Amino acid sequence: MSGRKSAILDDPQSAPSLAAVRAHCRRAEAECVAELLHDLPLAPDRWEAARRQARCWIEALRGQRSRGSGVDALMREFSLSSQEGVALMCLAEALARIPDRATADALIRDKLAQGDWRAHVGASRSIFVNAAAWGLMVTGKLVATHSEAGMSAAVNRLIARGGEPLIRAGVDIAMRLLGQQFVLGRSIEQALARARDAGQRGYRHSYDMLGEAALTAGDAQRYLDAYAHAIEVIGAGACDAAAGRAVDLHARPGISVKLSALHPRFTVLQRGRVLRELLPRLQELCRLARRAGIGLNIDAEESERLELTLELFAHLLGDPGLAGWDGLGIVVQAYQRRALPLVDWLAEAAGQSRRRIMVRLVKGAYWDSEIKRAQVEGQEDFPVFTRKAHTDAAYLVCAHRLLAHDDRLFAQFATHNALTLSAVLQMVEAAGVSRFELQCLHGMGESLYDMVIGAGPWYPACRIYAPVGSHDTLLAYLVRRLLENGANSSFVNRVVDDGVAIEELLEDPLAASAHCGGGPHPAIARPGELFAPARRNSRGIDLHDEPTLERLDASFRVAAARSWSAYPILASDQFDPGAAEPQAVRNPARRDQVVGTVHGSSRRDVESALAAVLDGSWSSMTGAARAGVLEAVADAFESRREDLMWLAICEAGKTLADAASEVREAVDFCRYYALQARAIGDGRDEALGPVVAISPWNFPLAIFTGQIAAALAAGNPVLAKPAEQTPLIAALAVGLMHAAGVPRAALQLLPGEGSVGAMLAGDPRVRAVLFTGSTEVAALIDGALAGFAAGAEALLVAETGGQNAMIVDSSAQPEQVVQDALLSAFGSAGQRCSALRVLCLQEEIADPVLAMLIGAAAQLRVGDPIERDTDLGPLIDESARGAIESYLAGLAEGQVLLRPALGPQCAAGSFLAPAIVQIGAIAELGREVFGPVLHVMRYRREELGQLVDAINATGYALTCGIHSRIDETIEFIASRVRAGNVYVNRNMIGAVVGVQPFGGQGLSGTGPKAGGPWTVRRLRRSAMQQALAPSGLGAVRKADAPVPLRDLQGWLRQRGPAALVPICQEYAECTPIGWRFELLGPTGESNVLQYRGRGRVLCLGADGPVDPQAWLGQLAAVAATGNRALLEDRDHARAALAELPPSLQALVDWTGDWRKAAFDAVVLDASPEQAAALRRTLARRPGARLGLLRPAAGRYALDRLVAEQVVTINTAAAGGNATLMSLQPA
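Using the numbering used here, the letters of the sequence shown map in sequence onto residues 1438 to 2663.
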């Protein structure tokens, strides 16, 4: 290269501006496509020539593949659109890593027993495929729970006795064959040896060391060592092959490097650390490659890592030690909307650095996860195209642009699409470019490229991208390849499908893009329209975008300069300022920083608020009018997002990500409950009346807003008591609500200590209390509500704590487990009621998972949450920190496996380092440790049922995590554990309003779930919820009514009382038991709301003679809701029960003294006075808060007798989203 000095060498910061690249990141798809259509890469005659050549290749490929065998034919037969194809993918992803035979056999049984393998026998021309299908059919019969028709059970048992080892070995061999199809060698030495044959046919190679992203420092060092060793071996092999001849650098073998493998925290929020630690490692590898005489390509990863990758790349271009070296390369993903400006940026950077950069152009491998992430995060738009035609068009335009920069960019075109390849070759010929390269993946593209490599008068260079890795490292890569091969939209899949016309494969992607106007795929909801048309999704914030972060910093500086205060906000406009001195509100991360001041509420303030709250103007508004106000509140919150975030950070210790989520959740609550306000209509006389909302400090905006929005949606006036630690954000929220149209009489703010809440809850004018906090305080509130005359009717909705477990079997992917466990246990410094408290690891995998977990936890940064790179902020105050310090100090020696030292940045705040503690059993857990402490324990597979029972025995029932690839295991745990929210193969925090309605039972709360379909209706007088079950949530299945209820109905028709027959019929039609609702959410995830009985229901009546109708009516409600009845043991009761059908008799338990018995709910048919007395008695009971239910018009509200459970499944956990990948063009 020229000796002129490089601008980037002078100053790496002078790299070209990324403004154009950033502007295209989430630009509207139609605008991006319109820009592409301005740059047509081929003249019409050349396009026709490309189509003719592609047709020849496709016809040849179909001729070859129709006679083909092996893995290609196998994957063609078992596509991802079939249950059998998905089963094979799941087997391939998990089987090889399972160390114990019992779990491996369970996985095989789970995936094969349900498949219709018989349908595939004889469907293929391949002997290999038919043999495989026959074997899988027989295997399915061997492992099926029930015998297949036509085979005697005795023969099945005989074969099965010796069958499992044979099945396991056979399936393992099949999975290894799949691995060999896509991976060139287990080691770099083996890969080089296997590459010789292709090399002799003219292929070059680029080697990729397989593996997941590094999670620990040890992982990163191992990958660094592996890359360095590979470079040395590849370089030596290249020298031997050259045998003294001068060989062009671009003709030599190369290596591809994944940056996330070289650093455990490769993310924009850790930018400073990444530049300090990763850049030197990268420079070292580049110098090694330069000395070895080979090229080094930096692989593309998720879109959120692109800018950080480009910053590192610019530093490499500016490294004097690499000056003049043309072996540095990078990958451009055509599916990204910023691909074209990225090509221009690279060309400009190459010009400034006076070198030629290798640019590998690919279509992109993370498309499905990019779609899901943008939806989950509520981003402005997707960073990728949603239509395949748009990606194909972008590829062609980018290829044309690469060739236009031939003097600065060495183009490497990676594609398996015959039409794309043919078009690229036409562009090359038209541009007169002689130095370029074609690329394909090992195991996927050689059939096409064998025809290309010797075609025409010139000889295009072809390079094989060759993955290298041991069997345990290839799983994630293998699944991606299976997904790409099996997807209906994949060219690799369609080119050999005779059912797809060749003309379809030759469609011009630019013309197709123009035809649809460049618009997005209609089946993929944009992030903001995820819940359309019902409601708007909350607006997210891109914390991986540097300009966004800079704008946040500027907004935070403005917020820090403001004077923040909180005081009672009353309907009268007056509060008692002289009642107490204002108190400073301090930052828990920096106790020397005063965030603002708070005036606590006096008794006079409380009385004033209670007097004004009886104003009925809010309840007289229509449901639609209330909904409009709540939607205006949501908009107001989004307009003041930065101020709300700053207060969440500085007042409550939230990190950037947590603060952003806090605002989003508050917005979602407003819009979701607004939707319910519209659904319930006017019903102006049905509001309960004054509602007290007592919210916690750990979600000072989200839960505070959720309680208020639910009560307002139902038409009730609200007295809001925020946590004493976080009054400032509450005051801002209430001010925004008032400005948006909530009348002051409908919402009053009463900050202060716990005594303020006690005064409110103990006032007989209060009709309900919504409370989130400790079990102990919930009991005090329950007692206060029960203390006045109408206490039996006063409602308590409490959400309390959890001893939440995650159960991990040996089929789980360790890296996913560790990432999900870290976020679940240490996110928000563990200060979530949903946080993971105990990780239960199957003993066969406990040691490696625990080692990885400890190593990954050591990478977390504890510090001031206003800093971008902070993972764990402070505990809320010194009292909380001191309590956990005392707990840890009292543990036995050796129990604490990790507790890193805190850095100097933590000296001024209430910080606690993440701790990992080993226990032997669930029973060792005492009270909830509300902070960053994760307990771990081991269990044996055969003890799984006992483990779940032990979790239930804690009395808590909030969240539970499951990591397993075995559906049978997942179903077993989910159906047995009492948790209100079950999360499968994902983290177990961050429930989304309306998507994962949140709440538990027992010591974890009373229900109904926050952000669920029953909350607003529970806050109305018409408490009957029977008609709610099929109310438009999207019921997908209705089981038959419970057998005992049907038996009782039949008995009543014969014996009476006749008045109960229609009631039983209503119960049978409307019971929530048996309904399953598929809730709308992001792609790659399933969310199902279902119901189960609460457990044992105490049935009590009035004193005196037994009323048969009342007693049987209670049994009918208990039977309808899947519960057991607890009856007082009386001779006349036993005699009456003996006449009932056996299924009813089996539902009954007896007690001599119900006051000493255990039960989960109470039904009572007695006078209001007796109900009030019973409510006071129940309130004095320790433990869970118990609902007391009386009949209305002879009917019980069945929703009060069931517990809601949401099961959330990450359906893309096995490596990709098969449903999205198989989406048809539209």
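The beta carbon of each residue, even a glycine, is placed where N, CA and C say it ideally should be.
Just so it is clear, the structure is predicted and the values come from calculations on it, not from any experiment.
Start and end residues, alpha helix (DSSP H) containing residue i
i, result
"Y1832", "K1825 to A1841"
"C1469", "E1466 to L1474"
"R1710", "R1708 to A1729"
"Y1886", "E1883 to V1889"
"F1928", "F1928 to R1931"
"C2087", "R2078 to A2089"
"M2196", "G2191 to A2198"
"I1545", "R1538 to L1549"
"P2164", "P2164 to A2177"
For residue i, the residue or residues it bridges with in DSSP
i, result
"E2236", "T2209 and G2442"
"M2058", "None; M2058 has no bridge partner."
"Y2109", "In the DSSP output, where bridge partners are listed per residue, Y2109 has none listed."
"F2435", "A2447"
"I2244", "C2277 and I2399"
"V1812", "Reading off the sequence, residue 1812 comes out as Gln, not Val. Answer by DSSP bridge pairing: none, since Q1812 is not bridged."
"T2645", "Y2420 and N2524"
"G2538", "D2602"
"F1847", "M1795"
"W2134", "In DSSP, W2134 forms no bridge with anything."
Beta-carbon proximity of residue i to residue j, cut-off 8 Å
i, j, result
"Q2162", "D2314", "yes"
"Q2253", "L1652", "no"
"A1397", "D1843", "As displayed, the chain neither begins before 1438 nor continues past 2663, which places residue 1397 out of reach and without an answer."
"A2111", "L2081", "no"
"L2273", "M2374", "no"
"A1903", "H1879", "yes"
"A1798", "L1749", "Residue identity check: residue 1798 is Leu in the sequence provided, not Ala. For L1798 and L1749, no; Cβs fall outside 8 Å."
"R2298", "D2308", "yes"
"P2201", "A2227", "yes"
"K2446", "G2417", "yes"
"L1777", "L1473", "yes"
"L2611", "L2625", "yes"
"G2357", "G2392", "no"
"L1629", "G1674", "yes"
"V2385", "I2410", "yes"
"E2365", "Q2240", "yes"
"R1793", "R1845", "yes"
"V2453", "A2151", "yes"
"G1801", "G1766", "no"
Where the beta strand (DSSP E) through residue i begins and ends
i, result
"G2033", "R2027 to V2035"
"K2158", "V2155 to K2158"
"C1877", "E1874 to L1878"
"Q2527", "E2522 to G2530"
"Y2504", "Here Y2504 belongs to no beta strand (DSSP E); instead the alpha helix (DSSP H) covers L2497 to C2507."
"E2565", "R2561 to E2565"
"R2023", "Q2020 to N2024"
"M1795", "I1794 to V1799"
Heavy atom of the ligand PLP within 7 Å of residue i beta-carbon
i, result
"Y1640", "This structure lacks the ligand PLP; in fact it carries no ligand of any kind."
Three Cβ pairs or more, each shorter than 8 Å: is that satisfied between the region 1737-1746 and the region 1782-1789?
no
Taking one C-beta from the region 2331-2344 and one from the region 2270-2279 each time, how about it: are there three or more such pairs within less than 8 Å?
no
Count the C-beta pairs between the region 2190-2209 and the region 2565-2583 that are closer than 8 Å, then say yes if the count reaches three, no if not.
no
Okay, do the region 2002-2022 and the region 2034-2046 touch, 3+ Cβ pairs below 8 Å being the bar?
yes
Sufficient close CB pairs (3 or more, under 8 Å) joining the region 2317-2332 to the region 2299-2306:
no
Runs of 3 residues minimum, wholly inside the region 2317-2371: which ones carry the beta strand (DSSP E) assignment?
2333-2335 and 2352-2355
Whole beta strand (DSSP E) elements within the region 1596-1675, 3-residue minimum:
1640-1646
Ignoring anything shorter than 4 residues or poking outside the region 1725-1774, list the alpha helix (DSSP H) runs there in chain order.
1743-1754
Three-pair Cβ contact test at 8 Å for the region 2592-2603 versus the region 2550-2565:
yes
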